[in-house]
Amino acid sequence: MKMKNCVVMFIFSCCCILSYAAGDPDSSGFYFAKAKSFQEQRRWNDAENHYLKALGFDPNSYEIRQALGKYYMELRKYSEAKSVYEKMHQLRPADTVALSQLATLSYNLKKFPEAAVYLSELSGYAPTDYTFTRLGKALVETEDYGKATTAFENAVKKNPKNAEAAYELARCFSETNNLRKAVPYYLQAIENAPAKYMWVYELGLIYFDMSDFASAIGLFEKAAEAGLPQDLAYLENLGMAQLGTTRYETGIATLEKILMKKPNDPQVMYQIGQAWYKHEKFEKAREWWEKVVDNDPQNFRAMYMVGMAYQKAGKIAKGREICDRAIFGDPSLANLRQEKISF
């Protein structure tokens, strides 16, 4: 009977101790419970004060810091949240929740070198295509294209349908002038995200830079059909690509559309003159170059080409006289007499 009474008294004592601790104003549990209650009531200042008091009693409590971090995130106090997650990371280095939050906060705060460190660490614990993609983007922001390329390659290996990773990988190759390596990843990205008409247009520019004008034209037109605005830059790129094919007269017509909005643009008029000259339409070439000179008598290169067009058309003396006048205005043009003019 005595033993039974002792057991009852022990259980009763434990219950009293637990009850006291929960309501003890000198315990972390007391303030932690209050903080969560105040947060639910949206009494933000009271909640924060009680979270901090709870940590005062138990500085290494992972649970309290996790709740405080969420509280700061809810109020968009990102700098404060970051400090909390840094301490959590110290307490549990392998915890992916804290690492993920630190990576996101660093990235959103545009602290990209720091974000890259956290994302690199996170990729060791959670090697997902999303983590590798975000790591690659952070590295691009630091202009470390070598490491960024590796990160995007890992992302694409993890998930070949990750259009963003394939696109960013293509951009990395493009930025480092590895255009041929960029092409298959552009194609992979477009296949998985066909609505991204800017990607289609960028691939067209890649083909343009590789002098594959037919492919460039097809992609420019495809992008326009998908919604790309046909602004002046678009028309100039399309027109210049068309000039590089047998559709050169279509290219000239495209460039003439630019002149409707940019009358007497010397560069556009000069390009049209070049196109006619290249295809041995010397009279038409001369007419366009004369327009350039009429608008700017100091454009001696255009003047020189007027003289060349006259010579090609059989008017040798007149052409040479105009070329000499152009060289007098710009002596560097004399080099063109020893060089074959090419476009």
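The sequence shown begins at -12 in this note's numbering and counts up one residue at a time. Beta carbons are placed, not taken as given, at the ideal position from N, Cα and C, and that holds for glycine.
Three-state secondary structure (DSSP) at residue i?
i, result
"Q298", "helix"
"P216", "coil"
"A240", "helix"
"L78", "helix"
"L96", "coil"
"K124", "helix"
"G332", "Because the chain here runs from -12 to 330, residue 332 falls outside it and cannot be looked at."
"R158", "helix"
"C(-7)", "With a pLDDT of 39 at C(-7), under the threshold of 50, the modelled position of that residue is not reliable, and the figure given next carries that caveat. Residue state, collapsed to three classes: helix."
"A210", "helix"
"D199", "coil"
"K69", "helix"
"I314", "helix"
"I4", "Note that I4 has pLDDT 35, beneath the 50 cutoff, so the model's placement of it is unreliable and no number is given."
"N322", "helix"
Got a sec? Which residues, its chain only, sit under 6 Å from residue i by beta carbon, not counting five neighbours each side?
i, result
"A180", "A150"
"K271", "W263"
"N282", "N251"
"A213", "Y184"
"I259", "I239, L242, W275"
"Y172", "A153, L156, A157"
"E277", "V293"
"V71", "R52, L55, G56"
Starting from residue i, trace the alpha helix (DSSP H) both ways and give me its first and last residue.
i, result
"D196", "184 to 196"
"L174", "166 to 179"
"P253", "253 to 265"
"E35", "31 to 44"
"N141", "132 to 145"
"N282", "269 to 282"
"L55", "49 to 61"
"G16", "15 to 27"
Measure the alpha-carbon distance for residue i versus residue j and round it to whole angstroms.
i, j, result
"G226", "A240", "8 Å"
"A9", "K134", "Residue placement at A9 is poorly supported in this model, since its pLDDT is 42, which falls under 50; the coordinates still yield a value, given next. Spanning the two alpha carbons is a distance of roughly 51 Å."
"K74", "N95", "19 Å"
"D82", "P46", "18 Å"
"Y59", "A68", "5 Å"
"D317", "R288", "8 Å"
"S14", "R29", "23 Å"
"N224", "T137", "32 Å"
"G231", "E208", "16 Å"
"E27", "T163", "52 Å"
"L338", "L174", "What is shown of the chain runs -12 to 330, which leaves residue 338 out entirely."
"T91", "F99", "10 Å"
"D218", "A210", "12 Å"
"C310", "N141", "59 Å"
"M290", "E128", "46 Å"
Cβ-heavy atom distance between residue i and the ligand FMN below 7 Å?
i, result
"A240", "Absence of the ligand FMN from the depicted structure is noted, as is the absence of any ligand whatsoever, leaving it without description."
In its own chain, which residues sit with a C-beta less than 8 Å from the C-beta of residue i, not counting the 5 before and 5 after it?
i, result
"A321", "I314"
If you drop the 5 nearest sequence neighbours on each side, which residues of the same chain put their C-beta closer than 7 Å to that of residue i?
i, result
"S93", "E101, A102, Y105"
"K124", "E155"
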